[in-house]
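**Student:** Numbering (the working numbering), first residue to last: 11 to 243.
#1: In chain order, what residues of the same chain lie with their CB nearer than 7 Å to the CB of residue 91, ignoring the 5 residues before and after it?
#2: Cutting at 6 Å between CB atoms, please list the residues of its own chain near residue 147, excluding the five before and the five after it.
#3: Residues in its own chain within less than 6 Å of residue 30 by CB, not counting five upstream and five downstream?
#4: Taking the alpha-carbon of residue 127 as reference, which of 237, 14 and 21 has the nearest alpha-carbon?
#5: Got a sec, what are the start and stop residues for the beta strand (DSSP E) residue 130 sits in?
#6: For residue 13, collect the residues of the same chain with a Cβ closer than 6 Å to its Cβ; drop the 5 residues on either side in sequence, then sort them by chain order.
#7: Assess contact between the region 169–178 and the region 137–155, defined as three or more Cβ pairs (one per stretch) separated by less than 8 Å. Is contact present?
#8: Kindly list the residues whose CB is nearer than 6 Å to the CB of residue 44, restricted to its own chain and excluding five residues on each side of it in sequence; keep chain order.
#9: I think residue 143 touches residue 176, with their Cβ atoms under 8 Å apart; what is that distance to the nearest whole Å?
#10: Grab the span of the alpha helix (DSSP H) containing residue 117 for me, first residue to last.
#11: Just to confirm my understanding: we take residue 68, look at its own chain, exclude 5 residues before and 5 after, and list those with CB closer than 6 Å. What are they?
#12: Would you tell me roughly how many angstroms separate the C-alpha atoms of residue 161 and residue 239, rounded to the nearest one?
#13: Where does the unbroken alpha helix (DSSP H) through residue 139 begin, and where does it stop?
#14: Out of 100, 110 and 113, which has the shortest C-alpha to C-alpha gap to residue 133?
#15: Any idea if residue 215 is buried or exposed, counting beta-carbon neighbours within 10 angstroms, 16 or more meaning buried?
#16: What are the residues that DSSP puts in a beta bridge with residue 30?
#17: Report buried or exposed for residue 15, applying the criterion of at least 16 other Cβ atoms within 10 angstroms of its Cβ.
#18: By the 10 Å Cβ neighbour count, where 16 or more other Cβ atoms means buried, how is residue 194 classified, buried or exposed?
#19: Measure from the alpha carbon of residue 27 to the alpha carbon of each residue in 84, 19, 47 and 120, then state which is nearest.
#20: Within the continuous beta strand (DSSP E) that includes residue 160, where are the two ends?
#21: Quick check: what's the CA-CA separation for residue 65 versus residue 114?
#22: Give me the residue from 227, 116, 61 and 164 with the minimum Cα distance to residue 206.
#23: How would you call residue 130, buried or exposed, if buried means at least 16 neighbouring beta carbons within 10 angstroms?
#24: Using alpha carbons as the reference points, say which of 136, 105, 188 and 209 lies closest to residue 182.
#25: Assign residue 184 to one of two classes, buried (16 or more other C-beta atoms within 10 Å of its C-beta) or exposed (fewer than that).
Next comes the structure, spelled out in structure tokens:
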């Protein structure tokens with residue numbers, strides 16, 4: 011089983027015929043999904059030969075290479091032709107993931123269908139959520155994972171071509187706003203700390219705190235309190 015971050019990705023992967031891991035890193039997630047029977051076959055891809063070679067080694071050592079294809083390509087450019095049911099893009103910045111999806115839409119290779127996307131941004135999750143909503147993706151669920159002292163967000167979405175509105179506060183907090191557990195509390199506290207840093211930076215520059223930041227701070231205060239209260243019940 012991979013670490014908690016990739017395990018959270020795995021939890022959002024439904025049983026599929028073809029699974030694709032874009033930007034693979036040692037192919038730990040494809041190896042787990044193939045060996046567990048969740049995926050019938052896998053496509054692993056990367057823009058660099060080093061990680062791709064490491065992924066091939068992992069699958070070969072576990073006797074899974076016959077059910078996998080390795081593709082050296084940028085983003086989704088060499089992946090969509092294999093018609094994957096589920097595509098994971100993990101371990102990249104949120105803006106980079108958005109750019110990969112945007113290029114696929116522009117090229118015409120990404121069309122409204124039944125492909126599911128599991129996205130795990132290392133940074134700028136709010137930018138990714140904004141892009142998804144405004145570019146025709148529907149966010150079905152989100153997972154949180156704690157690993158090595160960090161909290162990670164994993165997003166499950168599908169592309170239907172319908173553009174949606176998303177407020178900045180919704181983009182920052184995501185679907186975890188509905189959670190009331192210890193991990194959610196850690197996540198909300200992390201967001202509060204980041205918001206406080208932004209506020210301090212603006213104050214130091216003599217600038218007024220934007221209304222959206224004030225709203226976000228108030229919402230996070232409420233969520234932190236409700237999570238704390240829930241843990242006492």
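We put the CB at the ideal spot given by N, CA and C, even for glycine. This one's a predicted model, so the numbers in the text were calculated from it and none came from an experiment.
**Tutor:** Once the coordinates are examined:
#1: Correct list: empty, nothing qualifies.
#2: 167 and 169
#3: Annotation for residue 30: 53, 89, 94 and 97 place their beta carbon closer than 6 Å to its own, counting only its chain and skipping 5 residues before and after.
#4: 21
#5: 126–131
#6: 157
#7: yes
#8: 52, 74 and 77
#9: 4 Å
#10: 104–117
#11: 36, 37 and 41
#12: 21 Å
#13: 135–144
#14: 100
#15: exposed
#16: 53 and 97
#17: buried
#18: buried
#19: 47
#20: 160–169
#21: 23 Å
#22: 227
#23: buried
#24: In terms of CA proximity to residue 182, 136 leads the group 136, 105, 188 and 209.
#25: buried
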